[in-house]
Amino acid sequence: MAKYAFNYDSGEYEYIERDGFSIDRGEYVYNWDDSEYRREEEEEEERRREERRMWNED
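With this note's numbering as the guide, the letters of the sequence shown map in order to residues 252 to 309.
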């Protein structure tokens, strides 16, 4: 699922997939703000750690 992210090369916000494919441009972009994807990954990893902690408390 693409996210609305800033493309530094174009200076515009675009829908960009996790792998850097810009839906708006129809091509891969390389200089874009992927912080929203990184934040989601960090939250998911934290959730997994918390689940492991819960299962290991028994």
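Cβ coordinates follow ideal geometry from the N, Cα and C atoms, glycine included. Keep in mind that this is a model prediction, so the values were computed, not measured.
- CA-CA distance, aspartate 260 to glutamate 297, rounds to 32 Å.
- Excluding residues up to 5 positions away in sequence, Ala256 and Phe257 lie with their Cβ nearer than 6 Å to the Cβ of aspartate 284 in the same chain.
- According to DSSP, glutamate 278 shares a beta bridge with Ser273.
- For tyrosine 288, no beta strand (DSSP E) run applies; the uninterrupted alpha helix (DSSP H) run containing it begins and ends at 286-307, by DSSP.
- Counting along the chain, the unbroken beta strand (DSSP E) around alanine 256 starts and ends at 254-258.
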